[in-house]
Amino acid sequence: MKIVVVGSSHVRRLGTFIYNRPALHNFNLMNCEVKCLGIGGGKVSNSDHVQTILSFIEKNRPEHVIVHIGGNDLDILGASEDTVEELGLRLILLSQTLTTRFEIKSVTICQLLPRESTRVIASNVYNDLVIKTNRFLKAQIKDQPHCRYWKITG
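The sequence shown begins at 130 in my numbering and counts up by one.
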């Protein structure tokens, strides 16, 4: 099975970590090929970033895609409830595009993670937006075929 993990700098660092440890290649999953694409500062509101993701998917043709992106979309001046909904809808649209255009069997959208420090807005404001975005995603994704929400634990 081919799996692709796409996202922002977290995914880029994960890919580098795995690549530099041969024992962990493919996350040590049997019969799986795992590739990572991480875009530093990645945003789903940036059409170039989305196009980079779509091109990577088209090139690799995975069966499953794991998406971990969106935090940078919230760390902006003027972020609000509207930003939360827009981000959630963009992530759902991305998952729908992956399943329809590339016939991906399933897409997993990972929860956004809180941050101790942020670049643009106060971390408490950012973390409140993260909580609201995760609630929105969890509620909306349950009605999406071939898409699931993953709450990261541990």
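Cβ coordinates follow ideal geometry from the N, Cα and C atoms, glycine included.
(message) Could you check whether V134 and H197 sit closer than 8 Å to each other, using their CB atoms as the reference points?
(response) Start at 1 with the first residue of the sequence shown, and residue 197 comes out as number 68. Start at 1 with the first residue of the sequence shown, and residue 134 comes out as number 5. Contact: yes.
(message) Along the chain, where does the alpha helix (DSSP H) containing V254 start, and where does it finish?
(response) For the purposes of this step, residue 254 is taken as residue 125 along the sequence shown, with counting starting at 1. Segment S252 to I270, the alpha helix (DSSP H) holding V254.
(request) Express the C-alpha separation of G200 and S176 in angstroms, rounding to a whole number. (result) Residue 176 sits at position 47 when you count from the first residue of the sequence shown. Residue 200 sits at position 71 when you count from the first residue of the sequence shown. The straight-line gap from Cα to Cα measures roughly 16 Å.
(message) Here's a check: name, in chain order, each residue in its chain whose Cβ is nearer than 6 Å to the Cβ of Q240, leaving out the five neighbours to either side.
(response) Here residue 240 refers to the residue found at position 111 of the sequence shown. Counting only Cβ-Cβ distances below 6 Å, and skipping sequence neighbours, we find N263, K280 and I281.
(request) Express the C-alpha separation of C165 and E214 in angstroms, rounding to a whole number. (result) Position 85 of the sequence shown holds residue 214. Position 36 of the sequence shown holds residue 165. The straight-line gap from Cα to Cα measures roughly 27 Å.
(message) Give me, in chain order, the residues of the same chain whose beta-carbon lies closer than 6 Å to that of G207; leave out the 5 immediate sequence neighbours on both sides.
(response) Along the sequence shown, read from residue 1 onward, the residue named residue 207 stands at position 78. Same-chain partners within the cutoff: there are none.
(message) For the stretch 219–228 against the stretch 247–256, do three or more pairs of beta-carbon atoms, one drawn from each stretch, fall closer than 8 Å, so that the two count as touching?
(response) Flag = no, the stretch 219–228 and the stretch 247–256 do not touch.
(request) Can you say whether L158 is buried or exposed, counting buried as having 16 or more other CB atoms within 10 angstroms of its CB? (result) Here residue 158 corresponds to residue number 29 of the sequence shown, with the count starting at 1. Per the 10 Å Cβ criterion, exposed.
(request) Just the C-alpha distance for L258 and L266, rounded to the nearest angstrom, thanks. (result) Here residue 258 corresponds to residue number 129 of the sequence shown, with the count starting at 1. Here residue 266 corresponds to residue number 137 of the sequence shown, with the count starting at 1. Taking the straight line from one Cα to the other gives about 12 Å.
(message) Could you tell me the alpha carbon to alpha carbon distance between K131 and A152, rounded to whole angstroms?
(response) As a first step, residue 131 must be located in the sequence shown, where it is residue number 2. As a first step, residue 152 must be located in the sequence shown, where it is residue number 23. Answer to the nearest angstrom: the Cα atoms are 18 Å apart.
(message) As an exercise, report each continuous beta strand (DSSP E) stretch of at least 3 residues that is fully enclosed by the stretch 131–158, in chain order.
(response) 131–136
(request) Within the same chain, show all residues whose beta-carbon is closer than 8 Å to that of K271, passing over the 5 residues directly before and after it, in chain order. (result) To locate residue 271, count along the sequence shown from 1; it is residue 142. So the list reads Y278, once near-sequence residues are dropped.
(request) Go ahead and label G283 buried or exposed: buried means 16 or more other beta carbons lie within 10 angstroms of its beta carbon, across all protein chains shown. (result) The residue labelled residue 283 in the question sits at position 154 within the sequence shown. By the neighbour-count rule (16 or more Cβ atoms within 10 Å), G283 is not buried but exposed.
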